[in-house]
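Under the numbering used here, think of the first position of the sequence shown as 4, with each following residue one higher. Below you'll find the structure, written out as structure tokens, and then a few comments.
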Amino acid sequence: MKDFAGKIAFITGGASGAGFGQAQIFSEAGMKVVIADLRQDHLDEAMAYFKEKDAPVHPIRLDVTDREAFAAAADEVEEVFGATPDLLILTAGVNVFGPAEASTYDDYDWVVGVNFGGVVNGLVTFVPRMIKANKGGHIAATVSWAAFNPGPNTAPYNAAKAAVLNLMESYFVALKPYGIGVSALCPANIKSRIYEAAIKNRPDHLKNTGYNVNEETQKFLASFHRYGMEPRDLALWLKKGIENEQFLIVPYPSGVRMVELAVRRFVDYASPEGMKRLEERQKQPPTEEELQHIAEREGYDPRTGPRMMENTVGFGKARKDLDWVDPNKKAK
């Protein structure tokens with residue numbers, strides 16, 4: 004997909020963070036854009052921006068875990084812009100931090116429900132419509148660099164993102180005969196307000212978390228996100244990747260090498276000799292190359308950046324009443 008002018012884009016999580024950056028870039032490319040978002044305040048802020056630009060952008064309040072609402076949103080796109088989307092971008096996401104062994108059913112149901120279930124709902128809702136429209140198009144998901152790594156302190160998130168990466172690859176293969184491209188965008192740290200989700204977006208019936216989460220821990224998390232990639236820059240990486248018909252988009256100069264290093268552990272996992280190599284490698288300090296890659300992904304030098312800040316608010320810790328979690332056995 005190289006020509007965007009006059010075509011229709013539908014973006015979940017499109018009113019803030021990465022999704023808002025995508026809405027801006029593809030609107031500027033001449034597209035009619037639908038921004039779907041859970042937060043009405045975010046939609047209002049985004050629409051104030053687009054109204055000043057006199058851009059053809061339409062807001063829809065959408066909970067991506069609500070399948071009936073997704074179908075209604077798809078109908079609304081056709082009513083407003085006269086056709087099904089040419090470009091579907093599934094970006095809505097949430098995250099929360101705490102030891103894997105402290106995770107509750109609610110932690111999984113919320114995080115996996117939004118990050119994986121929201122993508123499933125978007126695909127099942129729109130793919131049949133896009134195929135029937137017979138005009139090709141492209142589908143992208145904002146996956147995350149977390150898809151390539153274990154998450155001892157973000158287990159539900161990393162698991163969901165790994166599932167989305169595999170899911171998108173499956174659709175990449177399946178939709179090629181229909182002329183529909185598929186991409187997986189895998190950024191790390193982004194300047195966004197995803198840290199607000201654990202306090203403001205989490206449904207009441209899924210609030211039984213095993214993690215220490217409060218206003219102070221989320222402010223601490225926000226101090227890291229302010230170093231992240233600008234959403235517009237991330238969206239430009241996505242646009243270029245779509246134009247190049249590229250499946251995997253790792254939005255960094257060293258992206259290809261980062262993937263190569265990230266997946267080599269699976270080779271090591273597959274043999275006793277490899278397990279020994281992995282254990283020895285984990286004892287060594289990061290190489291200069293690895294430090295450079297961390298700096299690219301996080302937006303700061305890991306030797307001097309905010310990870311050196313004192314965590315006095317218990318960010319990423321378990322709830323204190325969980326008597327099976329030993330804080331002295333923190334995973335590395």
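No residue lacks a Cβ here, since even glycine has one placed at the ideal position from N, Cα and C. Bear in mind the structure is a predicted one, so any value in this text is a computation, not a measurement.
If you follow the alpha helix (DSSP H) that Phe269 is in, where does it begin and where does it stop? Taken as a continuous stretch (DSSP letters only), the alpha helix (DSSP H) holding Phe269 covers Gly258 to Tyr272.
Whole angstroms are fine: how far does the CA of Ile183 sit from the CA of Leu93? 15 Å
Would you kindly work out how many angstroms separate the C-alpha atoms of Ala273 and Thr315, rounded to a whole number? If I take the Cα positions, the gap works out to 39 Å.
Taking Cβ to Cβ, would you say Asn381 is nearer than 8 Å to Tyr52? Beyond the ends of the chain as shown, which are 4 and 335, falls residue 381; an answer cannot be given.
Buried versus exposed call for Gly85 [16 or more other C-beta atoms within 10 Å across all chains shown]: exposed
Thinking C-beta only, is Ala32 closer than 8 Å to Ile14? Cβ distance not < 8 Å, so Ile14 and Ala32 don't count as in contact.
Considering only heavy atoms of the ligand MN, does any lie closer than 7 Å to the CB of Asp47? What this structure holds is no ligand at all, so the ligand MN is not there to describe.
Let me make sure I understand the geometry here. Which of Lys333, His296 and Val36 has the alpha-carbon closest to that of Pro59? Val36
What are the start and end residues of the alpha helix (DSSP H) that includes Lys203? Ala200 to Lys203
Within the same chain, show all residues whose beta-carbon is closer than 6 Å to that of Ala8, passing over the 5 residues directly before and after it, in chain order. Gly33
On the three-state DSSP scale, how would you describe Leu188? strand
Bridge partner(s) assigned by DSSP for His61: Val37
Among residues of its own chain, excluding the 5 on either side of Lys323, which ones have a beta-carbon nearer than 6 Å to its beta-carbon? Within the same chain, and ignoring the five residues on either side of Lys323 in sequence, no residue has its Cβ closer than 6 Å to its Cβ.
Distance check for Phe175 and Gly319, CA to CA, integer angstroms please. 35 Å
According to DSSP, is Gly24 helix, strand or coil? helix
If you draw a straight line from the C-alpha of Leu325 to the C-alpha of Pro180, how long is it? 51 Å
What span of residues does the beta strand (DSSP E) with Thr94 cover, start to end? From DSSP, Thr94 is part of no beta strand (DSSP E); its letter is neither H nor E.
Could you please give the first and the last residue of the uninterrupted beta strand (DSSP E) stretch that includes His141? Gly140 to Thr145
Complete runs of the alpha helix (DSSP H) confined to the segment 212 to 245 [at least 4 residues]: 218 to 228
Same chain, Cβ closer than 7 Å to Tyr198, five either side skipped, listed in chain order: Gln221, Leu224, Ala225 and His228
Thr128: first and last residue of the uninterrupted alpha helix (DSSP H) it sits in: Gly120 to Ala136
Have a look at the DSSP bridge pairing and note the partners of Thr15. DSSP lists Ala39 and Leu93 as partners of Thr15.
8 Å Cβ cutoff met for Leu41 and Asp78: no
Whole angstroms are fine: how far does the CA of Pro254 sit from the CA of Gly24? Straight through space, the alpha carbons of Pro254 and Gly24 are spaced by roughly 14 Å.
Arg196: which of Asn169, Lys210 and Pro234 sits nearest, CA to CA? Comparing alpha-carbon positions, the option among Asn169, Lys210 and Pro234 lying closest to Arg196 turns out to be Pro234.
Determine the direct distance from the alpha carbon of Met171 to that of Trp113, and round the result to whole angstroms. Trp113 and Met171 have their C-alpha atoms roughly 21 Å apart.
Thinking just about the alpha-carbon of each residue, which of Pro62, Ala18, Gln285 and Leu90 is nearest to the one in His141? Leu90
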